[in-house]
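Structure first, commentary second.
Protein chains: 2
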Amino acid sequence: MSRKLHLNAFLMSVGHHEASWRLPESDPHASWNVKHFQELARIAERGKLDSIFFADSPVLQGDPGRRPAGKLEPTVLLTALAAVTEHIGLIATASTSYNEPYNLARRFASVDHVSGGRAGWNIVTTAGADAARNFGLDDVPLHADRYERAAEFVEVATKLWDSWADDAVLADKEAGVHADAAKVRAINHRGRYFRVDGPLNVPRSPQGYPLLVQAGSSEDGRQFAARFAEAVFTAQQTLGEAQDFYRDLKQRAAALGRDPDGVKILPGIVPVIGDTVGEARELDAELERLISPEYAKRQLAERFNLDPDDLDLDGPLPADLPTEDEIEGAKSRYTLIVDLARRENLTVRQLIGRLGGGRGHRTFAGTPVQVADTIEEWFGSGAADGFNIMPAVLPSGLVAFVEKVVPILRERGLFRAEYTGTTLREHYGLPRPANRLELSKV
Amino acid sequence: MSRKLHLNAFLMSVGHHEASWRLPESDPHASWNVKHFQELARIAERGKLDSIFFADSPVLQGDPGRRPAGKLEPTVLLTALAAVTEHIGLIATASTSYNEPYNLARRFASVDHVSGGRAGWNIVTTAGADAARNFGLDDVPLHADRYERAAEFVEVATKLWDSWADDAVLADKEAGVHADAAKVRAINHRGRYFRVDGPLNVPRSPQGYPLLVQAGSSEDGRQFAARFAEAVFTAQQTLGEAQDFYRDLKQRAAALGRDPDGVKILPGIVPVIGDTVGEARELDAELERLISPEYAKRQLAERFNLDPDDLDLDGPLPADLPTEDEIEGAKSRYTLIVDLARRENLTVRQLIGRLGGGRGHRTFAGTPVQVADTIEEWFGSGAADGFNIMPAVLPSGLVAFVEKVVPILRERGLFRAEYTGTTLREHYGLPRPANRLELSKV
Ligand SMILES: Cc1cc2nc3c(=O)[nH]c(=O)nc-3n(C[C@H](O)[C@H](O)[C@H](O)COP(=O)(O)O)c2cc1C
Ligand SMILES: Cc1cc2nc3c(=O)[nH]c(=O)nc-3n(C[C@H](O)[C@H](O)[C@H](O)COP(=O)(O)O)c2cc1C
């Protein structure tokens, strides 16, 4: 069997482009309307995509004046989508810095039960002091500490998911024994960040664990991904960089004794699709015209720890920006943006235009065949196991991708014509994890 | 308009009776099967009940050998039920001791959005050291501290729900202004337990706040209910006690300046319904025979801080039990159980039989007319604004209640024939709370 592409639709409000809500076709209230997302989930399922995904942070992100800023809580949203779909995988983001492992492990196990094995967890450590200030802290914990807590968090969560043997429930009515109590076991975790006795209060779920997804690309982020992640989202601007990242992450996984094929790498792409190149460019330009540069400048300045007045819309980035080491927020995205601006000699205004669509992900405006060509090129040259599709405008950009690009990928033998499994893990060709507590008993 | 009853169905696994899963009709795997609960929600909605409710604790409760012990996380479960129903209210339990207000406020706001205004929150402080040990603690925090934290928690949550004005979202595409940023405001809460800056990252939800429900009956619990609760669940064994509780709670609410009618009091009742008295008694007796007394003795001993060997199945409760003051767990339930055993001179075995059905709630075995008579009597004599219906066996006990008892209540003019509102608050005749941050601005 030839190697197959994996496609995830990264859904956000009425599209990834920050000005998409201003288009005539967009419902500016859709961000909080479950019906909007149910429609998107059905479109993605019609395209037989592997999964849909929601980003998240426990804070109001960005300026609510500028674009739809609030979000429904993603595990709630996924559950509402599970009810109206049958196959598509459902990936929610949740923070290891601002949750308790018992609660979160249980919630993902519950979503996995309710969806029949379609849950995935995008594990993030949450950059930004503003989120910290919703949880009793003055400032964001150090980047390294966040990743250390994240590692212990995932360790606790997986122990909890393993705390019921797969065959624990006997349901023996005659004898009056519901479960074999010896197969439902405390985990008695004692670590630096957590003390959790367990067992979990939900039996092991259809997938064992939700699919573990990760999206940080700094040194610590990569090491974390190499250890735990089964799918990795990443922002890569050039083929060369994407190949380097792909090679690096697979090697790190192998060095930790994992099968490199057990980590699927999915760079993000913002396809702006037109029937002709001119049409695609026109849509791209229309979106760029709708950006409010003052709002965007303020956000960019925040990312750089600068005052907005330090940025000149029609000049280049200042020369003396901090290095990645000095950034405690989203390290790798910071570097990507600085590199992009310098490589292409962009003014601040031009940079804002480039980021407005994908916030650092690769925007690609073209015809369906051109989009399919790029996907095939990256997939075939060691840069990707699949893609994180980030439509600039929703639903229309997802409809265009599913109706125009997916059939081409299918014709080329790169993508499935039908679902062959029922769980998210099966879609990605990943195994159901064995229960480690059971193994440890032998 | 005459005063109308409110009916909530308290749903648990395959029934409240601990042995219900052993009946031939029961699916012993139903506890983790969303379809089971979707069927129950539809039955309750067919009966035009106000709401359904799920109890919860972030710990594996009870012996998994004895009865189905795990539970799907209730906000996830409610969301799955919202998708297949249109009117019925959806109440989930969540702990103020083991959650963060930002996360929980957001989750309930999200469920309220997704369900079109049908979410309710049963606010509990979670008794028991075993739950504490899933959250980094050695023992349960003191009862008084738990309630103090709960009060601050609810204060933070309501501020967060008010952090977006109802008319904050402008969606002005022409001007490029999505929300009026002045109407999305930080809360800057600084208290003993929490520091939360806000604003919430979801706009104000259809109900403003989810319906606030409470279920603790100790001194602290009553005071908390009088201050915050809009609906109160309570376990009452006799009409006299129920009247005392009702009077006491309404007076406390009035003393705090609230409209006593703004707090709906719903005692629990476990109806065991048969077409004849004999049939009802036979079902009750069959269930009692299916209880495993050894398992039950162990659980009772735990509640009393005793060794199981201190309890003689065929003798009375020991004379020297602790007083309510010495109990740091569920205070009022403890007293209720001791009083019940002493008032009726029950042996430990008999007490276990009585608790097996309702765990302290009133079990009533009879014909549909007898059940309706009891409900009418309590409702008409200052003991209840409605009832928390706790079927011993599910779905059959709920079907019997909806098909046989509800029509009688309807004929008597006590209960609605059709839903007249669309939100949970409307079903209970309770107002949508005004936005206090908006008011504070004037
Ligand atoms: C496609 C994609 C999606 C992401 N989604 C989230 C998210 O939902 N929440 C979040 O806090 N960070 C998200 N991130 C950011 C990373 O998880 C990470 O926090 C950020 O890159 C900083 O980590 P780093 O310093 O290791 O690069 C996402 C990144 C990518 C590439
Ligand atoms: C109908 C009903 C349902 C309850 N559900 C829960 C629950 O789901 N979780 C919980 O921790 N306590 C629950 N309780 C218990 C109370 O919330 C409270 O924790 C207990 O009664 C101890 O509080 P007290 O000491 O104030 O009485 C419930 C009580 C009643 C009457």
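Top to bottom, those sequences are chains A and B.
Using my numbering, the letters of the first sequence map in sequence onto residues 31 to 472.
Using my numbering, the letters of the second sequence map in sequence onto residues 31 to 472.
Cβ atoms here follow ideal geometry from the backbone N, Cα and C, with glycine treated the same way.
This one's a predicted model, so the numbers in the text were calculated from it and none came from an experiment.
The straight-line gap separating the alpha-carbon atoms of Ser426/A and Ala71/A is approximately 13 angstroms. Within the chosen limit of 7 angstroms, ligand 1 reaches the beta carbon of Phe40/A through at least one heavy atom. When 7 angstroms is used as the limit between beta carbons, Tyr132/A is near these residues of chain B: Pro88, Asn164, Phe165, in chain order. Membership of Gln244/B in the beta strand (DSSP E) is indicated by the continuous run 241-244. Only Phe224, Arg225, Val226, Asp227, Gly228, Pro229, Leu230, Asn231, Val232 from the region 216-232 of chain B bring a Cβ to less than 8 angstroms from some Cβ of chain A. Beta-bridge partners assigned by DSSP to Thr264/B: Pro297/B.
Contact with chain B is found for Val199/A, since one of that chain's Cβ atoms lies less than 8 angstroms from the residue's Cβ. In the displayed model, Gly150/A falls within a strand according to three-state DSSP.
Shortest gap from the CB of Arg384/A to any heavy atom of ligand 1: 7 angstroms or more. Closer than 8 angstroms to the CB of Lys101/B there is at least one CB belonging to chain A. For Asp175/B, no CB of chain A lies under 8 angstroms from its own CB, so it is not counted at the interface with that chain. As computed with DSSP, Ser125/B is found in a beta bridge with Val154/B. Taking 7 angstroms as the cut-off, the C-beta of Thr393/A does not count as close to any heavy atom of ligand 1. Where Ile405/A is concerned, the enclosing alpha helix (DSSP H) starts and stops at 398-410. Cβ contact annotation for Ala122/B (same chain, cutoff 6 angstroms, sequence separation greater than five): Phe84, Pro104, Thr105, Leu108, in chain order. Sequence-distant partners of Val214/B (beyond 5 residues in either direction) whose C-beta falls short of 6 angstroms from its own C-beta, in its chain, are Trp194, Ala198, Pro229. When C-beta distances to chain B are compared with 8 angstroms, the residues of the region 107-133 of chain A below that value are Leu107, Thr109, Ala110, Ala112, Ala113, Val114, Tyr128, Asn129, Glu130, Tyr132, Asn133, in chain order. In this structure, the C-beta of Thr268/B stays at least 7 angstroms away from each heavy atom of ligand 2. When His391/B, Gly119/B, Pro98/B are compared, the shortest CA-CA separation from Leu37/B is found for Gly119/B.
Taking the Cβ of Arg372/A as the reference point, every heavy atom of ligand 1 lies at 7 angstroms or farther away. At a cut-off of 8 angstroms between beta-carbon atoms, Arg72/A makes no contact with chain B. Think of a sphere of 7 angstroms around the beta carbon of Pro94/B: the chain A residues whose beta carbon falls inside it are His208, Ala209, Ala211, Val214, in chain order. Distances taken from the Cβ of Ser81/A to the heavy atoms of ligand 1 include none shorter than 7 angstroms. For Val170/A, there is no enclosing alpha helix (DSSP H), as DSSP marks it with neither H nor E.
Here the alpha carbon of Glu116/B sits roughly 11 angstroms from the alpha carbon of Ser81/B. The C-beta of Ser43/A has 16 or more other C-beta atoms within 10 Å across all chains shown, which makes the residue buried. Lys203/B and Trp51/A have their C-alpha atoms some 7 angstroms from each other.
In this chain, the beta strand (DSSP E) harbouring Ile82/B covers 81-84.
Each residue's CA atom was taken as its position, placing Ala39/B and Ala74/B some 7 angstroms apart. Annotation for Asp305/A: Thr397 place their beta carbon closer than 7 angstroms to its own, counting only its chain and skipping 5 residues before and after. Contact note: Val64/B reaches chain A through His143, Val144, using a C-beta cutoff of 8 angstroms and chain order. When the alpha-carbon of Leu460/A is set against those of Leu102/A, Pro290/A, Glu354/A, the nearest one is in Pro290/A. Trp51, Arg52, Pro58, His59, Trp62, Val64: these are the residues of the region 41-66 of chain B whose beta carbon lies less than 7 angstroms from some beta carbon of chain A, given in chain order. For Thr365/B and Glu354/B, the gap between their C-alpha atoms comes out near 6 angstroms. Measuring C-alpha to C-alpha distances from Gly158/B to each of Leu172/B, Gly147/B, Ala149/B, Leu242/B identifies Leu172/B as the nearest. Within the region 349-383 of chain B, no residue has a Cβ lying closer than 8 angstroms to any Cβ of chain A.
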